[in-house]
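Q:
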Amino acid sequence: MLKIILPTLMLLPTTLLSPPKLVWTNTTMHSLLVATLSLQWLAPSYYPYKNLTLCMGIDQTSSPLLVLSCWLTPLMILASQGHLQHEPPTRKQIFTMTLVMVQPLIILAFSTTELMMFYISFEATLIPTLILITRWGSQPERLSAGIYLLFYTLISSLPLLVAILYLHAQMGTLHFPTLKLYPYIPQPTSTKHWSPLLLNIALLMAFMVKAPLYGLHLWLPKAHVEAPIAGSMLLAALLLKLGGYGIMRITCLTSPLTNSLLHYPFIVLALWGALMTSSICLRQIDLKSLIAYSSVSHMGLVVAACMIQTHWSFSGAMILMVSHGLTSSMLFCLANTNYERTHSRILLLTQGLQPLLPLMATWWLLANLTNMALPPTTNLMAELSIMITLFNWSPPTIILTGTATLLTASYTLSMLTTTQHGTLSPHITTLQSSTTREHLLMTLHLLPMLLLILKPELISGPLS
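According to mature numbering (1 follows the signal peptide of the UniProt record, and there is no 0), the stretch in the sequence shown is residues -25 to -1, 1 to 439, in order.
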């Protein structure tokens, strides 16, 4: 673990001590080396935990998400170079340091084997994200978006903290491997204040807000729209996955009897949310808002799969989280390349760009096809696994998942045709041609998705 965490922390002095001309080169190369080193975590192991220390360890559930978080740091640095090129060197350094600060916290959150440590790192990721949104966002509404993000996260996390302290008092430990040895969390006998149902809701609610579950998702479109490109990539690709990962960890510990009561409202809300947010996407005029709502739709499937608690559903949820992390991050990068050239996120003002940027149009097509879950992408495998498990659990769910898939295809194709076809807006007179940096960025997003379908058991979580 230390051979990844220490080089990651050394990115901070690298950023500070590099000459202004070499800041981007050094930080990008350093973080790419760390990302390459982290690929060893994907190697299958005979033991349940790899690199197990006193409070950290990597198992099949956390390794795909850990590699994803290491892989996306250099991509975030690459994507941010465009909008920061006119900033003074000091601001570039502060921005890169804020970005780098998130990675050790996320690695800690995914690899910790202790519930309180997980809670602390889960909450700590909020601070750099908040700085990114409120300082480097492009519009005055960024302060409102920051307040939404802060209060939604804090209000939902307080019951989780109380539940964790209560759990420690009941069990005497918060160590994940030890907690798993109990058949389920013992229910309160001495006090009548905590019903098992309330305890489970308190444990799950913070992760449901982070995932986000439909109804608790209002902070997400605001935060995405106002965040700079690195903030959007961080939110879509990593912070939402903290929610899904937390649900996976907690549902394994809770009693099946109380969970069966919680299944119904959460699964219904998640699937209904997938349907509703896909419908909202059809009438969005803001490109970043459209991609943000599509994230809510995909994460709804992840939440529904995690609540069923079968091997197949966990496996499908894990593959979907990794695939969605790469896909949505790529879509945000593409939206940003459009925004940097046209200075507008409105779909009607940025249409007809295919003749001007033909190579970018190819990336748009590929990104939209992966978002629609076309073969041979891992998205298809994930969505199929989740739909089969949901159908097996209750056949009528196929109506909701089928309609959501249809609507996903509709808004994705609508986004593609609007941005690439149609008449060019009269205010666009000259456009900067696409750069090698942008093509490299898109390749590094798309390549893992195409390679992972050759060996999907690397990211299929606990099933393998």
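Ideal Cβ placement from N, Cα and C applies to all residues, glycine included.
Just so you know, these numbers come straight off a predicted model, no measurement behind them.
Under 8 Å, do T87 and M146 count as touching if we go by C-beta distance?
A: No, these two residues do not count as a Cβ contact at 8 Å.
Q: Report the residue from L406, T404 and M356 whose alpha carbon sits nearest the alpha carbon of K430.
A: Looking at the Cα atoms, M356 is the closest of the given residues.
Q: Would you mind sorting A138 into buried or exposed? The rule is 16 or more other CB atoms within 10 Å of its CB.
A: With 16 or more other Cβ atoms within 10 Å, it is buried.
Q: If you drop the 5 nearest sequence neighbours on each side, which residues of the same chain put their C-beta closer than 6 Å to that of I176?
A: Taken in chain order, the list of residues that qualify is empty.
Q: Touching or not, the segment 215 to 224 and the segment 304 to 313, by the rule of three or more beta carbon pairs under 8 Å?
A: No: fewer than three Cβ pairs fall under 8 Å.
Q: Alpha carbon to alpha carbon, how far is P196 from Y127? Give it in angstroms, no decimals.
A: Taking the straight line from one Cα to the other gives about 13 Å.
Q: Tell me the start and end of each unbroken alpha helix (DSSP H) in the segment 317 to 364 that is at least 4 residues and wholly inside, in chain order.
A: Here the runs fully enclosed are 333 to 346.
Q: Suppose you measure from the CA of L422 to the CA of S55; what does that come to, to the nearest Å?
A: Rounded to whole angstroms, L422 to S55 spans 20 Å at the Cα level.
Q: How far does the alpha helix (DSSP H) with A120 in it extend, from its first residue to its last?
A: A120 -> alpha helix (DSSP H) spans R117 to M146.
Q: For L(-14), which residues from the same chain have a beta carbon less than 8 Å from its beta carbon, with the 5 sequence-adjacent residues on both sides left out?
A: The answer, listed in chain order, is M72, V75 and M76.
Q: Whose C-beta lies closer than 6 Å to the C-beta of K185 among residues of the same chain, with five residues either side of it excluded?
A: Counting only Cβ-Cβ distances below 6 Å, and skipping sequence neighbours, we find L217 and G218.
Q: Give the straight-line distance between the Cα atoms of residue 441 and I283, rounded to the nearest whole angstrom.
A: Absent from the model: residue 441. The displayed extent of the chain is -25 to 439, so no value can be given.
Q: How far does the alpha helix (DSSP H) with C30 in it extend, from its first residue to its last?
A: Here C30 belongs to no alpha helix (DSSP H), and DSSP marks it neither H nor E.
Q: Run through DSSP, which three-state label would T104 get?
A: In this structure, T104 counts as helix in the three-state DSSP scheme.
Q: Would P79 be called buried (16 or more neighbouring beta carbons within 10 Å of its own) or exposed?
A: It counts as buried.
Q: Is the segment 237 to 244 touching the segment 194 to 212 in the sense that three or more CB pairs, one from each, lie closer than 8 Å?
A: No, the segment 194 to 212 does not touch the segment 237 to 244.
Q: Apart from the five residues on each side of it in sequence, which residues of its chain come closer than 7 Å, Cβ to Cβ, to S6?
A: Contacts found: L(-15), T48, P49 and I52.
Q: Does the distance from the C-beta atom of L324 to that of T317 stay below 8 Å?
A: Yes; because the gap between Cβ atoms is below 8 Å, this pair is in contact.
Q: Counting along the chain, where does the alpha helix (DSSP H) carrying W16 start and finish?
A: Segment: none, W16 is in no alpha helix (DSSP H) and carries neither H nor E.
Q: Taking C-beta to C-beta, are L135 and L105 nearer than 8 Å?
A: Result no, Cβ atoms of L135 and L105 do not sit closer than 8 Å.
Q: Determine the DSSP secondary structure at T(-1), reduced to helix, strand or coil.
A: Three-state result, T(-1): helix.
Q: Which term fits Q259, buried or exposed, when burial requires 16 or more other beta carbons within 10 angstroms of its beta carbon?
A: Answer is buried; the Cβ neighbour count reaches 16.
Q: Put T153 into one of helix, strand or coil per three-state DSSP.
A: Looking at T153 - three-state DSSP - the assignment turns out to be helix.
Q: In three-state terms, what does DSSP make of E315?
A: DSSP places E315 in helix when its eight states are reduced to three.
Q: Considering only the beta carbon of each residue, do residue 474 and I82 sit closer than 8 Å?
A: A question about residue 474 goes unanswered here, because the residues of the chain that appear run from -25 up to 439.
Q: In this structure, how does DSSP classify E89 when only helix, strand and coil are distinguished?
A: Note: E89 maps to strand in three-state DSSP.
Q: I266 and S360: beta carbons closer than 8 Å?
A: No, the pair does not count as a contact, with Cβ atoms beyond the cut-off.
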